[in-house]
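*Asks:*
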Amino acid sequence: MFVIRPSSLTVFFLLFSVNLLDSRTVMGDLGWIAYPKNGWEEIGEVDENYAPIHTYQVCKVMEQNQNNWLLTSWISNEGASRIFIELKFTLRDCNSLPGGLGTCKETFNMYYFESDDEDGRNIKENQYIKIDTIAADESFTELDLGDRVMKLNTEVRDVGPLTKKGFYLAFQDVGACIALVSVRVYYKKCPSVIRNLARFPDTITGADSSQLLEVSGVCVNHSVTDEAPKMHCSAEGEWLVPIGKCLCKAGYEEKNNTCQVCRPGFFKASPHSPSCSKCPPHSYTLDEASTSCLCEEHYFRKESDPPTMACTTPSPVSSVKKGKITKNSISLSWQEPDRPNGIILEYEIKYFEKDQEMSYTIIKSKETTITADGLKPGSAYVFQIRARTAAGYGGFSRRFEFETSPVLAASSDQSQIPIIVVSVTVGVILLAVVIGFLLSGSCCDHGCGWASSLRAVAYPSLTWRCGYSKAKQDPEEEKMHFHNGHIKLPGVRTYIDPHTYEDPNQAVHEFAKEIEASCITIERVIGAGEFGEVCSGRLKLQGKRELPVAIKTLKVGYTEKQRRDFLGEASIMGQFDHPNIIHLEGVVTKSKPVMIVTEYMENGSLDTFLKKNDGQFTVIQLVGMLRGIASGMKYLSDMGYVHRDLAARNILINSNLVCKVSDFGLSRVLEDDPEAAYTTRGGKIPIRWTAPEAIAFRKFTSASDVWSYGIVMWEVMSYGERPYWEMTNQDVIKAVEEGYRLPSPMDCPAALYQLMLDCWQKDRNSRPKFDEIVSMLDKLIRNPSSLKTLVNASSRVSNLLVEHSPVGSGAYRSVGEWLEAIKMGRYTEIFMENGYSSMDAVAQVTLEDLRRLGVTLVGHQKKIMNSLQEMKVQLVNGMVPL
């Protein structure tokens with residue numbers, strides 16, 4: 001009996017799989033059938049732990065024309081449309097057999113047949129569908145037989161889509177020496193999970209390897225829908241890209257992904273409140289799941305007050321104004337308190353003669369005015385006022401002091417004193433105005449006359465300067481060249497938009513070389529473009545060697561606009577000269593068909609090429625491809641050119657794996673201002689590759705091209721997988737806007753994934769420039785060990801939320817300016833009303849203060865507190881004066 005050990009070359013670890021069959025766990029007869037009967041033979045073996053296992057062996061290598069079949073019993077697929085088969089087997093090396101038999105094989109075949117019941121086993125061989133030919137990574141020799149230790153191979157294949165209830169598997173031997181040790185059949189699923197307080201059920205993965213299933217979640221107990229919760233189940237059994245969420249309803253808070261009741265003494269007023277809060281001062285609740293707290297006896301809260309507001313007794317009167325004053329009376333008025341906490345029933349006015357506080361009088365009034373009479377002439381009196389509501393009296397106001405008129409009447413001379421004072425005051429003010437005018441800079445506008453002399457006399461210690469100096473003009477003025485209405489600086493290559501030419505033909509003939517049609521040989525059609533067929537062929541120009549080329553043709557019956565748009569791409573391409581930009585050989589416009597001739601890229605579009613060669617390249621090769629694309633985009637960016645449709649489908653790759661940017665149909669030019677952005681006039685946008693600001697406002701910049709480059713990086717590292725899989729465009733827009741980003745591709749170096757995330761910064765000014773990207777990739781290529789650290793599969797964040805504080809390093813002139821800068825301008829009025837009118841005051845704000853102000857959304861609280869924390873750090877570093 002042999003002990004079988006696993007090969008070290010292939011190890012599979014499946015996180016979310018459900019077994020349909022595992023031959024190693026079946027205790028009785030498997031019920032498999034072999035024919036002819038002298039072919040496959042069931043033999044007892046033991047595994048590495050010496051446990052008995054079912055093994056089927058066949059070794060008819062001495063006989064020719066072998067055709068031995070082994071059929072499993074019927075296997076239910078349990079509703080799965082894509083299943084996986086894991087085979088463990090050993091295989092004898094033909095070269096180790098005596099005489100090196102020519103009939104010996106080192107492979108076997110695997111087939112399947114779908115059936116809704118168990119009556120399909122005895123069908124003909126030609127009705128089975130072949131899955132694959134199975135070969136061994138390691139084969140055993142006669143020496144291994146001596147050691148009685150076999151090398152175990154493991155191979156996995158998948159089948160789908162399945163359309164019936166079950167299937168049979170069949171294994172065909174055509175002359176190998178093989179032992180089938182175990183067969184495991186399983187399907188993958190996304191396991192039941194609770195995310196964002198929504199429960200998502202077990203979900204079997206789709207039939208296609210790139211399919212993403214949208215699954216709706218159900219809110220857990222005591223939670224309500226904020227926005228319909230959805231997640232997407234990937235083909236690998238991973239939950240991806242959650243959208244929407246549930247919130248714990250009022251009276252409940254989220255803990256450990258469940259909603260737990262608020263304890264007595266705590267409350268939660270709204271589903272949008274972050275958690276249960278302790279009852280504010282002078283309020284209470286004795287029940288669980290409270291949505292508000294009751295005020296203690298004699299304490300009140302206005303109906304318009306938020307439930308987070310403390311209950312208080314009436315506030316004191318704060319402003320008292322004097323009215324008519326006589327020798328025996330004083331009239332007063334005041335404003336109702338800001339927070340009376342109920343209807344004011346009356347006011348109580350206490351007053352006494354100054355320094356006679358122990359002897360006072362109290363007047364009550366239902367109005368906000370009173371007249372105190374019976375007072376002494378020429379005496380000072382102190383007044384205090386308080387309000388009464390059903391809760392009782394509030395506190396007295398501060399002391400206000402007023403004086404009655406004196407007894408004696410003023411003489412006629414004395415009555416003139418105020419008039420004289422006023423007259424003198426007015427005269428002084430007028431004199432100050434005149435002197436201020438004379439001392440102003442008016443002489444600089446009207447010359448240095450007597451006013452200047454007066455200043456010199458009045459202020460001899462000051463030196464006065466008048467007039468102005470005009471900057472000298474540089475005689476060596478920089479020359480500028482005008483080209484078709486465009487300014488071109490010497491030595492600077494700038495892209496010129498062909499759409500600005502009145503005659504598009506002029507742009508074509510200026511930037512693209514005319515080729516005689518007789519120099520072109522069309523060999524075959526290789527694709528179809530927007531305007532006609534794309535062909536491969538040969539170009540033979542006089543005195544030059546023959547070149548392979550790609551030829552775009554303009555279909556018959558074109559309109560003048562189609563011809564103009566078709567040749568517009570050539571007018572753009574003809575301005576570029578870079579090894580990573582597709583090279584334009586020329587155009588044919590003087591005969592039909594109209595053609596654009598470019599260099600030929602043997603491997604076609606990058607996305608299709610990667611799909612055909614899944615897993616065939618080293619990381620360094622992939623990084624080399626990305627470096628080439630980034631270098632081409634740096635060249636375009638330096639020319640002031642925005643591509644707008646950068647995607648793997650628009651990258652061409654040649655036989656040397658050199659990638660070149662192509663397809664300039666959506667492209668436009670930037671203005672001279674580096675901050676300017678071209679705004680489109682409508683039209684389709686490639687949503688999955690486009691930056692959020694370009695989608696929202698149709699504004700494109702080199703920074704939006706950088707976002708697209710990040711998506712291209714993801715495409716390359718995932719070997720042409722579709723970004724965001726089968727999500728709808730609307731779901732993609734919403735997910736990206738909420739901060740979710742594509743997860744790391746499998747086996748992706750951490751440094752590359754971090755660069756992708758940098759390209760996907762929401763703030764376009766925070767994204768790297770293309771020259772920086774080229775530099776980063778160069779460093780990685782020069783230091784390959786930096787690419788060995790991978791994004792671990794067990795810790796991959798499938799839905800990474802990228803948040804960065806928008807606060808810069810500059811100081812803010814006002815609270816409103818600060819809040820507007822962090823997109824929280826809606827709270828400006830609340831901050832100002834509550835006394836936070838300066839940045840000094842704002843710097844002291846706590847999280848509890850925010851909740852008291854009514855900032856209840858957790859995201860808004862985080863954004864404000866993060867901004868304040870950043871300002872404090874910068875203040876410590878001497879960067880920001882608050």
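Quick note: the sequence shown uses UniProt numbering, first residue 1, plus one each step.
C-beta: ideal position from N, C-alpha, C; glycine also.
Lys544 and Met601 look like a contact to me (Cβ under 8 Å); what is the Cβ gap, rounded to whole Å?
*Replies:* About 20 Å separates the two Cβ atoms, so there is no contact after all.
*Asks:* Just list the alpha helix (DSSP H) runs in the stretch 556 to 627, keeping only unbroken ones of 4 residues or longer that don't cross its boundaries, in chain order.
*Replies:* Listed in chain order, they are 560 to 573 and 606 to 612.
*Asks:* Please identify the residue among Ala235, Phe16 and Glu114 whose C-alpha is closest to the C-alpha of Ser209.
*Replies:* The residue with the shortest Cα to Cα distance from Ser209 is Ala235.
*Asks:* Go through the stretch 63 to 136 residue by residue and report every complete run of the beta strand (DSSP E) that reaches 3 residues or more, in order.
*Replies:* Listed in chain order, the complete beta strand (DSSP E) runs (minimum 3 residues) inside the stretch 63 to 136 are 68 to 71, 83 to 91, 107 to 115 and 129 to 135.
*Asks:* Taking the DSSP output, what are the residues bridged to residue 886?
*Replies:* The first residue shown for the chain is 1 and the last is 882, placing residue 886 beyond what the model contains.
*Asks:* For residue 915 and Leu213, what's the separation of their Cα atoms in angstroms?
*Replies:* In the structure displayed, the chain extends from 1 to 882; residue 915 sits before or after that span and is not available.
*Asks:* Look at Thr205 and Lys188 and say whether their C-beta atoms are less than 8 Å apart.
*Replies:* Yes, the pair counts as a contact, with Cβ atoms nearer than the cut-off.
*Asks:* Which residues does DSSP list as the beta-bridge partners of Trp239?
*Replies:* Looking at the DSSP assignment, Trp239 forms a beta bridge with Cys233.
*Asks:* Based on the DSSP secondary-structure assignment, which residues constitute the bridge partners of Pro52?
*Replies:* Answer is Val46.
*Asks:* What number of angstroms, rounded off, separates the C-alpha of Ser655 from the C-alpha of Leu606?
*Replies:* Cα to Cα, the separation comes out at about 12 Å.
*Asks:* Tell me whether Leu787 sits in a helix, a strand or coil according to DSSP, three-state version.
*Replies:* Leu787 falls in the helix class under three-state DSSP.
*Asks:* Between Tyr111 and Gln64, is the Cβ-Cβ spacing less than 8 Å?
*Replies:* No; because the gap between Cβ atoms is not below 8 Å, this pair is not in contact.
*Asks:* Helix, strand or coil for Asp22 per DSSP?
*Replies:* Residue state, collapsed to three classes: strand.
*Asks:* Check the C-beta distance from Leu197 over to Leu247 and give it rounded, since I have them as a contact under 8 Å.
*Replies:* Confirmed, Cβ separation roughly 7 Å.
*Asks:* Report the option in Ile83, Ala34, Ile134 and Gly160 whose CA atom is closest to the CA atom of Glu125.
*Replies:* It is Ala34 whose Cα lies nearest to the Cα of Glu125.
*Asks:* Can you tell me whether Ala528 is buried or exposed? The criterion is at least 16 other CB atoms within 10 Å of its CB, across all chains shown.
*Replies:* Exposed, since its Cβ has fewer than 16 Cβ neighbours within 10 Å.
*Asks:* Can you tell me whether Arg286 is buried or exposed, with buried defined as 16 or more other CB within 10 angstroms of its CB?
*Replies:* Checking the sequence shown, residue 286 turns out to be Leu, not Arg. Exposed, because fewer than 16 other Cβ atoms sit within 10 Å of the Cβ of Leu286.
*Asks:* Among residues of its own chain, excluding the 5 on either side of Lys634, which ones have a beta-carbon nearer than 6 Å to its beta-carbon?
*Replies:* Cβ neighbours of Lys634 beyond the five flanking positions: Phe770, Asp771 and Val774.
*Asks:* Report all residues from its chain with a CB closer than 7 Å to the CB of Ile370; omit the five preceding and five following residues, and keep chain order.
*Replies:* Leu332, Ile349 and Ile363.
*Asks:* Does DSSP put Ser365 in a helix, in a strand, or in coil?
*Replies:* Ser365 falls in the strand class under three-state DSSP.
*Asks:* List the endpoints of the continuous alpha helix (DSSP H) containing residue 885.
*Replies:* The chain is shown from 1 up to 882; residue 885 falls before or after that span and cannot be answered.
*Asks:* Decide if Glu254 is buried, meaning its Cβ has at least 16 other Cβ atoms within 10 Å, or exposed.
*Replies:* Buried: at least 16 other Cβ atoms inside 10 Å.
*Asks:* Out of curiosity, what's the CA-to-CA distance linking Arg301 and Leu850?
*Replies:* Cα to Cα, the separation comes out at about 19 Å.
*Asks:* Just the Cα atoms here: how many angstroms apart are Cys748 and Cys535?
*Replies:* If you take the alpha carbons of Cys748 and Cys535, they lie about 36 Å apart.
*Asks:* Please go through the same chain and pick out, in chain order, the residues whose beta-carbon is closer than 8 Å to the beta-carbon of Ser76, but skip the five residues on each side of it.
*Replies:* Here the set comprises Leu20, Lys165 and Gly166.
*Asks:* If you measure between the beta carbons of Lys105 and Ala176, is that distance less than 8 Å?
*Replies:* Going by C-beta atoms, Lys105 is nearer than 8 Å to Ala176.
*Asks:* Under the assumption that His569 contacts Ile596 (Cβ atoms under 8 Å), give the Cβ distance between them as a whole number of angstroms.
*Replies:* Per the sequence shown, the amino acid found at residue 569 is Glu instead of His. Indeed, because the Cβ distance is near 7 Å, the residues count as touching under 8 Å.
*Asks:* Using 8 Å as the threshold, is the C-beta distance between Glu715 and Ala648 below it?
*Replies:* Yes, Cβ-Cβ distance for Glu715 and Ala648 is below 8 Å.
*Asks:* Does the stretch 571 to 585 come within contact of the stretch 604 to 623, defined as at least 3 CB pairs closer than 8 Å?
*Replies:* No, because fewer than three Cβ pairs between the stretch 571 to 585 and the stretch 604 to 623 fall closer than 8 Å, the two stretches do not touch.
*Asks:* What separation, rounded to the nearest whole angstrom, lies between the Cα atoms of Ser365 and Pro377?
*Replies:* When rounded, the distance between both Cα atoms is 24 Å.
*Asks:* Could you name the residues that DSSP lists as bridge partners for Ala372?
*Replies:* Ile330, per the DSSP bridge assignment.
*Asks:* So, with DSSP's three-state summary, where would you put Glu530?
*Replies:* Coil at Glu530, not helix or strand.
*Asks:* Looking only at its own chain, which residues have a Cβ that is under 7 Å from the Cβ of Asn603, when we skip the five neighbours before and after it?
*Replies:* Contacts found: Phe609, Ile653, Asn654 and Ser655.
*Asks:* I think Ile129 touches Phe108, with their Cβ atoms under 8 Å apart; what is that distance to the nearest whole Å?
*Replies:* The pair is not a contact, with the Cβ atoms about 16 Å apart (cut-off 8 Å).
*Asks:* Our contact map puts Pro337 next to Ala390 with C-beta atoms below 8 Å; I'd like the distance itself, whole angstroms only.
*Replies:* In fact, because the Cβ distance is near 15 Å, the residues do not count as touching under 8 Å.
*Asks:* Between Ile330 and Ala372, how many whole angstroms is the CB-CB distance? I'm expecting something under 8 Å.
*Replies:* Yes, Ile330 and Ala372 are in contact; Cβ-Cβ is about 5 Å, under 8 Å.
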